[in-house]
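Student:
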Ligand code: GCB
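Residue numbers (my numbering): 74 to 581.
What follows is the structure in C-alpha cells.
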C-alpha cells in the first residue's frame, strides 16, 4: 500500500506520529524511503514517530503487509498434521487453525497525529466504590517538571485537583455508577502545565464501576451480574474485516433489540470505535487477544509465547480505560491438554495481572474440566456444542451432558462459569417440524433449551450465543458457501427465528 501526504499547516514544531489501528498480519513501514519499523499481529494499534523523516510536501508512506499463515505465528496457520492439534487435521482452506476467513491488509484507519514536544505519554484510570461514593484514581505518565490539573465533570459533579506527582484520586459523592442500562459517564480532563501555562490536554470518558469475582459469583458494582450476549466477528459482505462504522451501529442496534447486555471480542480485539460505543451504550465486554487456535508442540512455542505476551501488553494498553471491559480473555480454545500449556498461560495470566489487577482474567476453553489452567484463572469460560457437533440433532441427549460437565467444572474449581459459545448452523428460510438440524426451528429450540438448562445452575454467570451473525470462513466440507451459519442474524443482518426467540427470553 502507498499514499502521499503533505505536512498539515502548523505541525512543524510538534512531534508527529503515524498510527495504524490494525494491519493484519505483519506490517513493514517506510516514510520517504526511510524504514520506520515493523509490527506483528492484526487488530491492535501501533505507531511510529516520524518527525525526523518528514518533508513539508509530498511525503510517501509505504506499507508492505505479509499475511502468510505460519505455525509460529499467532493465530497459527499451515500447522503440520499433529496429534496435539486437532484443527490441523481437518481440511480447511485457507489453512488457518481457526474458523474465520484470514482477511489480511490494512483493516482500520491510518492516522497522522501531532502532540506537543513534551506530552502526556499515558494515563490509567481505575475506579472504586465506597457506599454511595465513587473514587476515580488517575495515574499519569508525563514529562518531569510539569504539574497536572485534573477535572471530572458530569452528573452534577465538578471536581478538580492538581498534583506535581504521578497519581491522584478524586472522590465523587453520590456517584452515578456505570452499568448496562445506566451507562453513566463522566468527562475527565487532564491538563499539563509548566510555568502556569497549559501545554497539553487530554479528555477521556470515565465510568465509575467495579468488577469482582467473589467465590463463584461475578459482581458488578458489588451486585451479581449476568452476561447475555454473543460472540461476533468483524465481518461483512464485500468489505470483509475492513472497518465499516455503519455496521457497528447496526450490530449494536440488533444487540439492543434482542436484549443483549454483553459480548466477547471473538477472536481478536475489535475496533476502537466498537469499544467506545460499548462504554456509551452500556455493554459488558470480554476483551480477547488474537490468540486463537494455539497449539503447544515444542517447535515455535517460545516464539508464540513472545507474540502472545506482546498482544496482552498491547490489548491492556489500548483498552484498560474502558468501563465496558470487564474481563480479559488470553486465548480462545487453545489445544491445552499438553502440560506445556499450563506454564504458558500462567506466564500470560501473571503478565495481565501485573498490568491490570482490577479485572478478572480467563481463557475460553473447549477442554473443560481437564483444562488445568482453570486452577489459576479467575472465571471458567466454556464453549460447547452438544446436540450439534456431538449428539447431532439430539438436544435431549446433549443437554444432560452439558449440565454434567459444567457441574464437574464447578465441583473442581469453584469459580463462576460462562457458557461462552453454543449454537447451531442454520440456513435462513429452511423450516422443519419436527425441528431438524439446519432449520430455523432447530436453532431456536437449541438456544432456548440450552439457556433454560444452564440457568438452573447458580454458578453460571453468563450465556453467549455463537454467533451474532453468519460470517465468512475458510472452505471446508462442513462450511457451505464458506460461511459459518450459526448467526442468529444473517451475514447481511436479517433476523432468523432464533433472534426473535432470544428477544423473548432476554426481555422476559
Ligand atoms: C468454536 C470456535 C469458533 C467456531 C465455532 C464453530 O468452538 O471457538 O471459532 O466458529 O466453534 O462454529 O465451530
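Cβ coordinates follow ideal geometry from the N, Cα and C atoms, glycine included.
1) At a cut-off of 6 Å, is residue 172 close to ligand 1 when judged by its beta-carbon and the heavy atoms of the ligand?
2) Does the distance from the CB of residue 571 to the CB of residue 561 come in under 7 Å?
3) Within the continuous alpha helix (DSSP H) that includes residue 331, where are the two ends?
4) Please report the Cβ distance between residue 193 and residue 91, rounded to the nearest whole angstrom; I am assuming they are in contact, meaning their Cβ atoms lie under 8 Å.
5) Which value, in whole angstroms, describes the spacing of the CA atoms of residue 267 and residue 260?
6) Please state whether DSSP places residue 121 in a helix, a strand or coil.
7) For residue 207, I'd like the list of residues in its chain whose CB is within less than 8 Å of its CB, leaving aside the five on either flank, ordered along the chain.
8) Alpha carbon to alpha carbon, how far is residue 176 from residue 564? Give it in angstroms, no decimals.
9) Hey, quick one: how far does the beta strand (DSSP E) through residue 233 stretch, first residue to last?
10) Name the two residues that bound the continuous beta strand (DSSP E) containing residue 579.
11) Exposed or buried, residue 28, counting other C-beta atoms within 10 Å across all chains shown (16 or more means buried)?
12) What are the boundary residues of the beta strand (DSSP E) that includes residue 259?
13) Count the other CB atoms, across all protein chains shown, that sit within 10 Å of the CB of residue 542; report buried if there are 16 or more and exposed otherwise.
14) Among 532, 575, 139 and 205, whose alpha-carbon lies nearest the alpha-carbon of residue 328?
15) Quick one: does the C-beta of residue 545 sit closer than 6 Å to a heavy atom of ligand 1?
16) Pull the bridge partners of residue 278 from the DSSP assignment, please.
17) For residue 341, which residues of its own chain have a beta-carbon under 6 Å away from its beta-carbon, when the five flanking residues on both sides are left out?
18) Return yes when the C-beta of residue 559 is under 6 Å from any heavy atom of ligand 1, and no when it is not.
19) With residue 483 as the anchor, note down where its alpha helix (DSSP H) starts and where it stops.
20) Identify whether residue 196 lies in helix, strand or coil by the three-state DSSP scheme.
21) First and last residue of the beta strand (DSSP E) that includes residue 528?
22) For residue 471, count neighbouring Cβ atoms within 10 angstroms of its own Cβ and tell me buried if that reaches 16, exposed if not.
23) Quick one: measure Cβ to Cβ for residue 624 and residue 352, integer angstroms, because I've assumed they're closer than 8 Å.
24) Cα separation between residue 80 and residue 130?
25) Which residue wins for smallest C-alpha separation from residue 210, given the options 223, 219 and 301?
26) Determine the contact status of residue 137 and residue 101, defining contact as a CB-CB distance below 7 Å.
27) Roughly how many angstroms separate the alpha carbons of residue 89 and residue 195, rounded to a whole number?
28) Give the DSSP-derived three-state secondary structure of residue 381 in the structure shown.
29) Quick one, which of 479, 388, 447 and 446 has its alpha-carbon nearest residue 457's?
30) Let's test the definition: count the other Cβ atoms within 10 Å of the Cβ of residue 162 and tell me whether it reaches 16, buried, or not, exposed.
31) Given a threshold of 16 other Cβ atoms within 10 Å of its Cβ, counted over all protein chains shown, does residue 546 qualify as buried or as exposed?
32) Between which two residues does the alpha helix (DSSP H) carrying residue 419 extend?
33) In the structure shown, what three-state DSSP assignment does residue 147 receive?
34) Helix, strand or coil, according to DSSP, for residue 91 in the structure here?
35) Classify residue 347 as helix, strand or coil using the three-state DSSP reduction.
36) Measuring alpha carbon to alpha carbon, tell me which residue in 451, 323, 411 and 76 is nearest residue 287.
Tutor: Reading it off the structure:
1) Correct: residue 172 has its Cβ closer than 6 Å to ligand 1.
2) yes
3) 318 to 331
4) With 8 Å as the limit, residue 193 and residue 91 do not qualify as a contact, their Cβ atoms being about 19 Å apart.
5) 23 Å
6) strand
7) 200, 201, 244, 245, 248, 250 and 281
8) Taking the straight line joining both Cα atoms gives about 16 Å.
9) Run containing residue 233: 230 to 236, per the beta strand (DSSP E) assignment.
10) First-last for residue 579: 570 to 579, but that is the alpha helix (DSSP H), not the beta strand (DSSP E).
11) Absent from the model: residue 28. The displayed extent of the chain is 74 to 581, so no value can be given.
12) 259 to 267
13) buried
14) 575
15) no
16) In DSSP, residue 278 forms a bridge with 260.
17) Once the five neighbours on either side are set aside, the close Cβ partners of residue 341 are 116 and 363.
18) It does: the Cβ of residue 559 is within 6 Å (strictly closer) of some heavy atom of ligand 1.
19) 468 to 486
20) In the structure shown, residue 196 sits in a strand (DSSP, three-state: E or B).
21) From DSSP, residue 528 is part of no beta strand (DSSP E); its letter is neither H nor E.
22) With 16 or more other Cβ atoms within 10 Å, it is buried.
23) In the structure displayed, the chain extends from 74 to 581; residue 624 sits before or after that span and is not available.
24) 6 Å
25) 223
26) yes
27) Taking the straight line joining both Cα atoms gives about 16 Å.
28) helix
29) Of the candidates 479, 388, 447 and 446, the one whose C-alpha sits nearest the C-alpha of residue 457 is 479.
30) Confidence at residue 162 is low in this model, with a pLDDT of 49, below 50, so its placement is unreliable and no value can be given for it.
31) So residue 546 counts as buried.
32) 414 to 428
33) Here residue 147 sits in coil by DSSP.
34) strand
35) helix
36) 451
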